[in-house]
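Residue numbering for the sequence shown follows our numbering, beginning at 81 and increasing consecutively.
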Amino acid sequence: MLNKAILFLIVASFIYAVHANEFKENSNKINYETLDMGKSCKIRFIISANFKYQIGNGGNPKNNVGGITIYPIPNAWKSNMDTLTLSFSCKEKNYIDNPQPSGIYDKKLERWKKAPKELRNYLKQSQDYSDPDFLNSTIAAMRVYDIKTPNAQGWADTSDQLTGDDAGRTRYMSFCIYHASKALCGLGKVGLLRDGPRGDLVPHALKILRSIEFLE
81 MLNKAILFLI VASFIYAVHA NEFKENSNKI NYETLDMGKS CKIRFIISAN FKYQIGNGGN
141 PKNNVGGITI YPIPNAWKSN MDTLTLSFSC KEKNYIDNPQ PSGIYDKKLE RWKKAPKELR
201 NYLKQSQDYS DPDFLNSTIA AMRVYDIKTP NAQGWADTSD QLTGDDAGRT RYMSFCIYHA
261 SKALCGLGKV GLLRDGPRGD LVPHALKILR SIEFLE
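Below you can see the structure in the form of structure tokens.
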């Protein structure tokens with residue numbers, strides 16, 4: 081049992097070092113920030129020291145909420161969005177209002193992945209997706225990402241706004257990261273579709289999420 085614990089610590093340290101190196105590619109300095117969202121919900125994450133950002137928990141950790149906002153968006157990100165904000169809510173895993181994944185967990189591969197068939201069956205239950213073309217476009221645009229952190233695992237998915245004014249169509253992200261009995265879930269706007277791949281903020285959001293470490 082002790083050997084397994086030592087092995088876990090070695091692997092966790094390696095993962096954390098890898099994520100730290102991701103930030104060093106674009107910055108000589110990184111910050112390790114902590115965010116307290118209540119019992120068993122204190123986290124640490126990595127963010128470039130070059131960014132201007134704010135973190136907070138609403139002034140009361142017992143509310144189990146928090147977030148990070150990067151403002152302004154770095155010019156190098158080529159985005160027309162003003163900010164990147166990720167909101168957090170830390171609840172029990174079985175909390176009924178936690179976001180539901182768009183993908184499935186592959187036990188053999190030990191990772192979350194997209195499952196178009198299951199997603200189609202789920203969306204068809206809603207009148208919003210009664211149009212087959214809109215349903216197909218929604219599923220095609222959706223992406224599912226596996227999230228592995230130093231001591232947790234979860235998923236993130238993105239969905240695109242396919243209707244409305246072209247200039248304002250947005251890409252949205254939802255996510256949940258599981259640690260022990262807790263689920264750290266949240267939402268964020270991660271791009272304007274008109275910015276194309278160069279202005280996509282998904283990679284930057286994923287870097288932050290994959291650096292999250294639960295401290296208790």
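Ideal Cβ placement from N, Cα and C applies to all residues, glycine included.
Since we're looking at a predicted model, the values are computed, not measured.
*Pairwise C-alpha distance: Ala247 and Asn101*: Annotation note: pLDDT 48 at Asn101 (below 50); position unreliable, coordinate value reported separately. Distance between the alpha carbons of Asn101 and Ala247: 35 Å.
*Which residue's Cα is closest to the Cα of Gly146: Phe214, Cys121 and Asp237?*
Looking at the Cα atoms, Cys121 is the closest of the given residues.
*Close Cβ partners of Asp226 (< 6 Å) along its chain, the five nearest in sequence each way excluded*: Excluding positions up to five away in sequence, the list reads Arg191 and Trp192.
*What does DSSP give as the partner residues of Gly146 in its beta bridges?*
Bridge partners of Gly146: Phe168.
*Ser291, DSSP secondary structure in three states*: Per DSSP, reduced to three states, the secondary structure at Ser291 is coil, with no helix or strand assignment.
_Nearest candidate by alpha-carbon position, reference Asn216, set Leu203, Pro277 and Val224_ = Ranked by Cα distance from Asn216, the options Leu203, Pro277 and Val224 are led by Leu203.
*Give the straight-line distance between the Cα atoms of Ser182 and Gln233, rounded to the nearest whole angstrom.*
For Ser182 and Gln233, the distance between alpha carbons rounds to 16 Å.
*asked:* Quick check: the Cα distance between Asn137 and Leu295, rounded to an integer number of angstroms?
replied: Spanning the two alpha carbons is a distance of roughly 16 Å.
*Whole-angstrom C-beta distance between Ile292 and Ile127, which should lie under 8 Å*: That belief does not hold up - the Cβ atoms of Ile127 and Ile292 are roughly 11 Å apart, past 8 Å.
*Counting along the chain, where does the beta strand (DSSP E) carrying Ser128 start and finish?*
Note, Ser128: beta strand (DSSP E), Lys122 to Ser128.
_C-alpha gap between Met222 and Gly118, whole angstroms_ = Near 32 Å, if we compare the C-alpha coordinates of Gly118 and Met222.
_In chain order, what are the residue ranges of uninterrupted alpha helix (DSSP H) at least 4 long that sit wholly in the region 149–221?_
Taking only runs of at least 4 residues, the alpha helix (DSSP H) segments lying wholly in the region 149–221 are 196–203 and 212–221.
*Please report the Cβ distance between Pro154 and Phe131, rounded to the nearest whole angstrom; I am assuming they are in contact, meaning their Cβ atoms lie under 8 Å.*
About 7 Å separates the two Cβ atoms, so the contact holds.
*What do you get for Ile176, buried or exposed, if any count of 16 or more other CB atoms within 10 angstroms of its CB means buried?*
Under a 10 Å Cβ-count criterion, Ile176 is classified as exposed, with fewer than 16 other Cβ atoms of the shown protein chains found around its own Cβ.
_Check this for me: beta carbons of Arg290 and Thr229, under 8 Å apart or not?_
In this structure, Arg290 sits near Thr229, with a CB-CB distance shorter than 8 Å.
*List the endpoints of the continuous beta strand (DSSP E) containing Ala236.*
For Ala236, the enclosing beta strand (DSSP E) covers residues Gln233 to Asp240.
_Member of Met161, Tyr133, Arg200 and Phe214 whose CA lies at the smallest distance from the CA of Thr243_ = Considering only Met161, Tyr133, Arg200 and Phe214, the residue with the shortest C-alpha distance to Thr243 is Phe214.
*Rank Asp208, Ile110 and Thr163 by C-alpha distance to the C-alpha of Gly268 and give the top, closest one.*
Here the closest residue by C-alpha is Thr163.
*Take Pro179 as the anchor and find which of Tyr133, Lys187, Tyr185 and Ser169 has the nearest alpha-carbon.*
Answer by Cα proximity: Ser169.
*When DSSP labels each residue in this structure, what does Ala263 get in the three-state scheme?*
Note: Ala263 maps to strand in three-state DSSP.
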